[in-house]
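Numbering (the UniProt record's numbering), first residue to last: 1 to 197.
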C-alpha cells in the first residue's frame with residue numbers, strides 16, 4: 001500500500017483555525033481490482049473512496065446515482081456478487097476481486113434485461129433518477145426470494161416466501177421514488193418476476 005503525504009488543510013487556513021500545519025495528515029491509496037459489468041478494472045484509489053465514487057468518478061459509469069450519500073434512498077444500489085448493496089455505504093477497497101453489476105451491465109439497447117423491459121412497459125419511473133437503483137434492487141430482491149430468504153414481514157420463516165404485495169413493499173422499502181411511481185414500480189417487478197427475471 002503506497003502512502004502519500006497530502007495536507008488536508010492549507011497552512012493559512014490551519015493557522016486561521018488555530019491549528020498547527022506542521023504535521024500534515026496521511027492519505028493512503030491502494031490498488032483495487034474490481035470486475036465491473038464483466039470487465040476487470042485495476043484502480044489506484046484513495047482508501048476512503050466509496051464504491052459509488054469509484055464507479056462514477058473513476059470508471060465513469062454514471063448510471064448509478066448519488067442521492068442521499070447516507071444509504072437512505074437506494075439510488076446507488078448495485079449488485080455485488082449478485083446481492084444488492086448501497087454503493088455509497090461501502091468502501092471500494094473492501095471489494096477487491098468482487099463482481100459488481102451496475103445498470104449499464106444488465107442489458108443492451110438491443111436486448112434489455114427483463115426487469116428493464118418491465119419498467120418501460122409499466123411506466124415504472126417518472127423523472128428516472130431512482131430507476132437504476134430500483135431496477136438493481138428489484139433484481140437482487142428477486143434473487144433473495146429465490147433463495148428463500150425471509151423478510152421482516154414474512155409470516156413463516158421456514159416456508160419459501162412468495163412475492164405478495166406486502167412482501168414486495170417491505171423488500172423494496174430501501175429504494176425511494178420522490179416522484180411517487182411506486183404502484184407502477186410494483187407492477188413492473190411483479191411482471192418481471194413472472195417472466196423469470
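Built from N, CA and C at the ideal position, the CB exists for glycine as well.
Length of the line joining the Cα atoms of residue i and residue j
i, j, result
"residue 190", "residue 28", "45 Å"
"residue 193", "residue 62", "26 Å"
"residue 49", "residue 73", "19 Å"
"residue 47", "residue 159", "42 Å"
"residue 33", "residue 42", "5 Å"
"residue 135", "residue 93", "25 Å"
"residue 110", "residue 123", "19 Å"
Counted within 10 angstroms of its Cβ, other Cβ atoms place residue i as buried (16 or more) or exposed
i, result
"residue 31", "exposed"
"residue 173", "exposed"
"residue 131", "buried"
"residue 75", "buried"
"residue 86", "buried"
"residue 177", "buried"
"residue 53", "buried"
"residue 40", "exposed"
Residues near residue i in its chain [Cβ-Cβ closer than 6 Å; skip 5 each side]
i, result
"residue 154", "161"
Nearest to residue i (by Cα), restricted to the options the options
i, options, result
"residue 36", "60, 68, 48 and 49", "60"
"residue 169", "158, 181 and 159", "181"
"residue 133", "71, 52 and 78", "78"
"residue 81", "139, 120 and 112", "139"
"residue 119", "186, 39, 150 and 98", "186"
Whole-Å CB distance - residue i paired with residue j, under 8 Å assumed
i, j, result
"residue 137", "residue 175", "5 Å"
"residue 127", "residue 179", "5 Å"
Cβ neighbours of residue i in the same chain (closer than 8 Å, five flanking residues each side left out)
i, result
"residue 56", "62, 64 and 66"
"residue 157", "150"
"residue 165", "186"
Short CB-CB distance (under 8 Å) between residue i and chain C
i, result
"residue 35", "Of the chains in the structure shown, none is chain C; there is only one protein chain."
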